[in-house]
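This report refers to the structure that appears directly beneath it.
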Amino acid sequence: MVPRTAPAHGTTMMSNYCDYIIIGSGIAGLYIALLAIEHGSVLILTKGSIDDCNTRYAQGGIAVAMGKDDSPELHFEDTLAAGDGLSDPEAVRILTEEAADCTADLIRFGVPFDTLDGEITLTREAAHTVSRILHAGGDATGQHIEVTLSQRVRSTPVKVLENCLATEVLLKDGRVSGIRSLDSRTGTVEEYGCRYLILATGGAGRLFKYTTNSDVVSGDGIALAFEAGAEVKDLEFFQFHPTVLRLPGVAPFLISEAVRGEGGILKNVEGRRFMPAYVAQAELAPRDVVARSIVHEMHKTGSDRVFLDVTHLPSRLITTRFPQIYRFCLEHGLDITRALIPVAPAAHYIMGGVKVNSWGETNIAGLFAAGEIACTGVHGANRLASNSLLESVVFGKRVVQGTEMNASSEGRAVVATNDPCSLPGRAPSPAALALNLPNLQSLMWAKVGIIRSGKDLAEAAAVLAGWESLASQPSDRTSYELHNLVLCGRLMTEAALMREESRGAHFRTDFPETLPAWQRHIVFRKNAAD
Ligand code: FAD
Ligand code: SIN
Numbered sequence: 002m003v004p005r006t007a008p009a010h011g012t013t014m015m016s017n018y019c020d021y022i023i024i025g026s027g028i029a030g031l032y033i034a035l036l037a038i039e040h041g042s043v044l045i046l047t048k049g050s051i052d053d054c055n056t057r058y059a060q061g062g063i064a065v066a067m068g069k070d071d072s073p074e075l076h077f078e079d080t081l082a083a084g085d086g087l088s089d090p091e092a093v094r095i096l097t098e099e100a101a102d103c104t105a106d107l108i109r110f111g112v113p114f115d116t117l118d119g120e121i122t123l124t125r126e127a128a129h130t131v132s133r134i135l136h137a138g139g140d141a142t143g144q145h146i147e148v149t150l151s152q153r154v155r156s157t158p159v160k161v162l163e164n165c166l167a168t169e170v171l172l173k174d175g176r177v178s179g180i181r182s183l184d185s186r187t188g189t190v191e192e193y194g195c196r197y198l199i200l201a202t203g204g205a206g207r208l209f210k211y212t213t214n215s216d217v218v219s220g221d222g223i224a225l226a227f228e229a230g231a232e233v234k235d236l237e238f239f240q241f242h243p244t245v246l247r248l249p250g251v252a253p254f255l256i257s258e259a260v261r262g263e264g265g266i267l268k269n270v271e272g273r274r275f276m277p278a279y280v281a282q283a284e285l286a287p288r289d290v291v292a293r294s295i296v297h298e299m300h301k302t303g304s305d306r307v308f309l310d311v312t313h314l315p316s317r318l319i320t321t322r323f324p325q326i327y328r329f330c331l332e333h334g335l336d337i338t339r340a341l342i343p344v345a346p347a348a349h350y351i352m353g354g355v356k357v358n359s360w361g362e363t364n365i366a367g368l369f370a371a372g373e374i375a376c377t378g379v380h381g382a383n384r385l386a387s388n389s390l391l392e393s394v395v396f397g398k399r400v401v402q403g404t405e406m407n408a409s410s411e412g413r414a415v416v417a418t419n420d421p422c423s424l425p426g427r428a429p430s431p432a433a434l435a436l437n438l439p440n441l442q443s444l445m446w447a448k449v450g451i452i453r454s455g456k457d458l459a460e461a462a463a464v465l466a467g468w469e470s471l472a473s474q475p476s477d478r479t480s481y482e483l484h485n486l487v488l489c490g491r492l493m494t495e496a497a498l499m500r501e502e503s504r505g506a507h508f509r510t511d512f513p514e515t516l517p518a519w520q521r522h523i524v525f526r527k528n529a530a531d
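Following my numbering, the numbering of the sequence shown begins with 2 at its first residue and continues without gaps.
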């Protein structure tokens with residue numbers, strides 16, 4: 002690959018050198034690539050095929066204040082309310098004010114948002130005060146975005162390497178110099194040099210036994226960044242989606258919140274509607290509230306599921322507005338126009354991640370993060386539905402703008418350190434459980450899940466510390482992913498143990514109140530005391 006720009010500040014000249022290296026090919030990676038190619042050479046490394054990611058599974062859509070009764074100000078207020086005191090107002094302002102511009106880019110790239118009489122149609126989701134969710138193909142929004150952007154990338158000079166797992170961030174003189182990777186088909190290890198490294202590796206949803214996330218979402222970028230010395234923030238805040246199909250022998254499948262937005266009703270196994278007894282907003286309360294209410298109702302009724310009822314809605318609305326969900330359920334013997342949908346909560350989205358400033362840069366010069374991996378400050382303690390695709394493009398665009406600005410202040414890290422601390426030392430518990438993915442996922446689900454306690458968290462932290470001390474050097478994709486998940490699990494659990502209150506998606510039975518003293522963030526950095 003021929004560099005358009007010479008490497009700066011003594012960066013090692015590697016044979017594979019590029020201006021921008023992007024790790025990941027979901028919405029964040031692809032959108033950034035399409036903008037960055039205007040400014041330099043671009044290489045995308047992605048560990049599966051180009052379309053293996055969470056983006057393609059997104060259903061509800063992308064939140065943008067476009068309706069006549071809406072405004073960026075109203076979207077700002079809803080996002081801050083969902084964040085439960087921990088969203089950064091400046092970041093939320095950027096998100097809501099730059100939303101329309103980035104959505105226009107998506108339309109320009111060819112994303113076919115649904116329209117009626119030439120106007121984009123908007124739907125409603127929980128905790129949004131008005132209808133503001135753009136969707137494509139009904140509930141196939143993510144698939145349309147992913148395929149449109151990946152095809153567009155294929156038509157540009159962006160180079161894409163599939164089956165290429167990023168395994169280590171390379172540094173020189175405190176600045177990013179490139180990435181080490183493993184080709185998971187041939188086992189070949191390569192190093193690629195770059196001026197700017199952008200981690201767009203998504204979240205860590207595979208940490209949990211029940212999850213809506215794709216298999217490729219294993220916290221790799223968070224682990225890589227942390228190990229390189231980047232700060233990670235708010236990792237105790239993990240969102241569980243309330244309504245995920247719970248059918249024996251069928252992998253978890255999301256039943257979009259937009260189904261409740263269009264009038265779906267939650268009922269317990271005895272057939273009684275229960276949400277109004279928990280909260281006035283009922284089915285349209287914030288996600289964490291609905292998920293916890295469902296868990297209580299399942300305990301009360303001794304069941305592992307509740308039901309979502311759409312049988313009172315016109316069949317045509319269901320089949321045209323939610324064609325994917327309708328078809329998927331039908332293929333598994335369930336006609337949702339006539340029968341109740343069995344659902345339960347499952348792991349869905351990580352609010353915390355690699356700490357970045359408003360231009361997407363970490364505390365390591367030249368290292369950027371965008372998309373679900375990044376903690377921009379937008380979501381705080383809880384993400385508002387459909388703000389994630391939006392965050393990926395708004396802050397993705399800013400990464401490219403930031404690298405352009407950074408070109409004149411090369412090498413300067415722009416994030417102020419915010420009293421980061423090291424991971425607390427912890428005596429490992431004797432390894433009663435073998436280290437493998439199912440054991441890790443069961444541990445996280447049981448002890449670091451929707452309802453937490455200090456006792457459970459401390460037990461989980463000790464098991465995770467034991468696994469860390471036993472782990473050998475990873476050598477293939479599976480062992481790298483497990484290594485990264487264990488590290489992410491440990492970071493999440495330690496942060497959850499430190500936060501002795503309940504706020505947003507983090508709920509502790511031993512500290513059920515939200516406390517003003519905890520209106521602050523937990524930031525970890527490796528060897529922070531050094
Ligand atoms: P992803 O799309 O997850 O892509 C990550 C990429 O990184 C992948 O290509 C992966 O292969 C690659 N990668 C990971 N690790 C490595 C590595 N070590 N080396 C190389 N490559 C690597 N949000 C909304 O706003 N609206 C919705 O309607 C919505 N619905 C959702 C429905 C479902 C079922 C799920 C799971 C999520 C949904 N979300 C939604 C959340 C949203 O889809 C994600 O947060 C968003 O798509 C993340 O995009 P991303 O580009 O950051 O990551
Ligand atoms: C959904 O469609 O319910 C998912 C939306 C989101 O996660 O933002």
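For glycine and all other residues, C-beta sits at the position ideal for the given N, C-alpha and C.
Per-residue burial, residue i [other beta carbons within 10 Å of its own, 16 or more giving buried]
i	result
Gly-303	exposed
Thr-404	buried
Ser-178	buried
Glu-237	buried
Ile-108	exposed
Glu-411	Bear in mind that the predicted position of Glu-411 carries a pLDDT of just 47, short of 50, making it unreliable; the figure below should be weighed with that in mind. Under this definition Glu-411 is an exposed residue.
Cys-422	exposed
Lys-69	exposed
Asn-528	exposed
Asp-115	buried
Tyr-120	The question names Tyr, but residue 120 is Glu in the sequence shown. So Glu-120 counts as exposed.
Ser-409	Any reading at Ser-409 needs caution, since the residue's pLDDT is 46, under 50, leaving its predicted position unreliable; the model's value is listed next. Exposed: under 16 other Cβ atoms inside 10 Å.
His-313	exposed
Pro-517	exposed
Glu-39	exposed
Thr-104	buried
Thr-187	exposed
Gln-325	buried
Integer Cβ distance of residue i from residue j, believed to fall under 8 Å
i	j	result
Leu-200	Leu-225	7 Å
Gly-143	Arg-57	5 Å
Ala-472	Arg-491	Ala-472 to Arg-491, Cβ: 11 Å. No contact.
Leu-458	Val-449	6 Å
Ile-523	Asp-289	Actually they do not touch by this definition, with Cβ atoms about 18 Å apart.
Leu-441	Leu-486	6 Å
Glu-147	Asp-52	5 Å
Gly-505	Gly-381	7 Å
Ile-180	Val-190	Not confirmed; about 11 Å, so no contact.
Val-65	Ala-100	5 Å
Lys-210	Ser-443	5 Å
Enclosing alpha helix (DSSP H) for residue i [first to last residue]
i	result
Glu-332	324 to 332
Tyr-32	28 to 37
Leu-255	No alpha helix (DSSP H) holds Leu-255; DSSP gives it neither H nor E.
Cys-19	From DSSP, Cys-19 is part of no alpha helix (DSSP H) but of the beta strand (DSSP E) over 18 to 24.
Ala-466	455 to 471
Asp-102	100 to 110
Glu-228	221 to 229
Ile-365	It is not in any alpha helix (DSSP H) - Ile-365 carries neither H nor E in the DSSP assignment.
Lys-48	Premise fails: Lys-48 is in no alpha helix (DSSP H) and is neither H nor E.
Ile-451	From DSSP, Ile-451 is part of no alpha helix (DSSP H); its letter is neither H nor E.
Ile-295	288 to 302
Neighbourhood of residue i by C-beta distance below 7 Å, restricted to the same chain and skipping five residues each side
i	result
Phe-512	Glu-501, Glu-502, Ser-503
Arg-413	Unreliable positioning characterises Arg-413 in this predicted model, as indicated by a pLDDT of 46, which lies under 50. The coordinate reading is nonetheless provided below. Hits under 7 Å: Ala-366.
Glu-298	Asn-269, Phe-275, Val-307
Cys-489	Ala-205, Leu-208, Gly-220, Ile-223, Ala-224
Residue range of the unbroken beta strand (DSSP E) whose run includes residue i
i	result
Gln-240	239 to 246
Pro-439	Element bounds for Pro-439: not the beta strand (DSSP E) but the alpha helix (DSSP H), 438 to 448.
Pro-346	342 to 351
Ala-128	Unbroken run through Ala-128: none, as it is neither H nor E.
Glu-587	Because the chain here runs from 2 to 531, residue 587 falls outside it and cannot be looked at.
Val-355	354 to 356
Ile-146	Element bounds for Ile-146: not the beta strand (DSSP E) but the alpha helix (DSSP H), 142 to 155.
Neighbourhood of residue i by C-beta, 6 Å cutoff - its chain only, sequence neighbours within 5 removed
i	result
Gln-520	Gly-86
Cys-376	Lys-234, Asp-235, Gly-353, Gly-354, Lys-356
Ala-281	none
Ile-351	Gly-204, Ala-205, Phe-239
Cutoff 8 Å; reference residue i; Cβ partners in own chain excluding five residues on either side
i	result
Arg-478	Lys-48, Leu-166, Leu-183, Ser-185
Asp-305	Arg-247, Met-299, Ala-345
> What are the uninterrupted segments assigned as alpha helix (DSSP H) that are 4 or more residues long and contained completely in the segment 60 to 87, given in chain order?
Replying inline: You should have 73 to 83.
>> Quick check on the DSSP output: what are the complete alpha helix (DSSP H) runs of length 4 or more inside the segment 462 to 522, in order along the chain?
In response: Listed in chain order, they are 478 to 499.
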